[in-house]
Structures are given as C-alpha cells and as structure tokens.
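*Asks:*
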Amino acid sequence: MTIDLSAIPTTIDALHAALTVLSLLLFALLFLKRANNATATGSVDIPANVESAKPAAAVAPAPAPALRPAQLKETGPEAALQLLALLQQDARFIDFIQEDLSGFSDADIGAAARVVHEGSKKTLSTYFQLSPIRSEEEESRISLPAGFNAAETRLTGNVVGEAPFNGTLIHKGWRVTETRLPKISDGHDSSIVAPAEVEL
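If you want it as structure tokens, here you go:
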C-alpha cells in the first residue's frame with residue numbers, strides 16, 4: 472500500500488482547528504471526570520483486559536442491589552383548593568354537595584344538577600385539556616399485552632393468570648394533557664374556597 476503524501480493538506484483551516492480544540496476539550500473533560508470518580512470512591516478504573524492479581528477464588532460475588540421501598544410524594548393542597556374554589560364559583564358545586572336533598576323532589580334536584588353540570592363542564596374546559604386514554608369504543612372487546620401500563624388500565628372482574636388479557640372496555644379513562652390553573656398571588660388564603668356574601 473502506498474500513501475500519496477501530496478494528498479495530505481499542508482495547512483489547517485478554521486473548521487479543522489475548531490474540531491481539534493473541541494476534541495481535546497472533550498478528552499480533558501472525560502479525563503477529569505474519571506479522576507474525580509476515582510478520588511471520590513477511592514478506586515481507580517482498571518481496563519477489562521488487565522487480569523487481577525488476586526486469585527479467582529478470593530473475589531467475592533457482588534451483592535444483589537437492595538430494593539428500595541416506594542417513595543410516597545406529598546403534594547400541597549393549594550391546587551386542589553383552587554380547583555374547588557373554581558367549581559364553586561362557576562357551578563355552585565360545594566353548595567350543591569352540602570345541601571340536604573331529602574326534602575326536594577327529583578325534578579328540583581335534576582334542575583339543580585343541570586346548573587352544576589354546566590358550570591363544572593365550563594370549569595374543566597377552561598382550565599384543563601382532557602383526552603381519553605383508550606381510543607376504542609366502550610363495550611368493545613380489547614386485548615391488553617404483557618407489560619401493559621397498569622396505571623392507565625385497571626383490571627376488574629375475575630382477574631387470574633398473566634397478560635395478555637382479553638376483556639370488555641367498560642370506560643375509556645381520562646388523562647389531563649394540559650393544566651391552565653390561574654396563578655395565585657402571595658398571601659392568598661387558598662383555604663377560603665367561597666367567601667361569605669353580605670348584601671347591603
């Protein structure tokens with residue numbers, strides 16, 4: 472094999488110079504990262520092709536990784552209280568739920584429920600974007616493969632064996648794809664979901 476030396480460039484343009492500097496910087500960062508890891512752990516990386524000086528019998532097996540218990544995340548009540556206040560403002564939701572309905576006729580309850588329904592729908596459409604989790608029609612037969620997302624799909628009825636599962640879609644489910652709750656000013660008392668009203 473012969474090498475044509477006349478084909479090798481004798482000058483370095485700006486692009487190749489920049490690429491050379493970038494390569495050297497990345498190499499230096501990699502070297503510093505390995506040096507920091509070795510200092511932090513008190514060990515040095517040994518290449519895979521270098522044999523250990525210890526006999527094979529003296530090497531203890533690596534312990535199995537310990538399973539961490541699920542971490543529970545505590546959420547603040549502000550967003551929930553804000554949503555409750557919005558439902559009360561647009562749909563009189565709290566008034567309806569707190570009302571003793573035993574003395575009202577079904578027609579009266581139905582009329583009040585229509586107001587609550589319309590106001591609640593307005594609140595949800597204003598502050599949330601919702602989409603169904605499943606695209607199939609309800610009451611249709613569907614198949615859930617192995618490894619399906621159990622957070623998205625809840626199994627009911629006679630649940631035995633392992634996936635794949637075949638069943639009837641009872642409810643499509645809902646997923647919030649966007650939240651547009653209004654911002655709250657500092658000092659706002661979120662626990663007041665409906666202020667008292669005094670007419671003068």
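Heads up, this note's numbering is the position in the sequence shown plus 471, with the first residue counted as 1. Every residue gets a Cβ at the ideal spot worked out from N, C-alpha and C, and that includes glycine.
#1: Can you tell me where the beta strand (DSSP E) with Phe599 in it begins and where it stops?
#2: Between Leu557, Pro548 and Gly628, which lies nearest to Ala665 when the distance is taken from Cα to Cα?
#3: My assumption, with CB atoms under 8 Å, is that Ser662 sits in contact with Asn637. Please give the rounded CB distance.
#4: Look up Ser576 in the DSSP assignment and say whether it is helix, strand or coil.
#5: Assign Thr510 to one of two classes, buried (16 or more other C-beta atoms within 10 Å of its C-beta) or exposed (fewer than that).
#6: Count the other CB atoms, across all protein chains shown, that sit within 10 Å of the CB of Asp516; report buried if there are 16 or more and exposed otherwise.
#7: I'd like the span of the alpha helix (DSSP H) that includes Leu557, first residue to last.
#8: Helix, strand or coil: which one does DSSP assign to Val587?
#9: Could you give the distance in angstroms between the alpha-carbon of Ser514 and the alpha-carbon of Leu538?
#10: Measure the CB-CB distance between Ala622 and Gly590 and report whether it falls below 8 Å.
#11: List the endpoints of the continuous beta strand (DSSP E) containing Leu615.
*Replies:* In brief:
#1: Phe599 to Pro603
#2: Leu557
#3: 48 Å between Cβ atoms; not a contact.
#4: coil
#5: The predicted model places Thr510 with a pLDDT of 48, which falls under 50 and marks its position as unreliable, so this point remains unresolved.
#6: Interpretation of Asp516 is limited by its pLDDT of 48, a score under 50 that renders its predicted location unreliable; the figure taken from the coordinates is listed afterwards. Exposed, since its Cβ has fewer than 16 Cβ neighbours within 10 Å.
#7: Glu549 to Ala562
#8: helix
#9: At Ser514, the pLDDT of 46 sits below 50, so the modelled position is not reliable and the matter cannot be decided from this model.
#10: no
#11: Arg612 to Leu615
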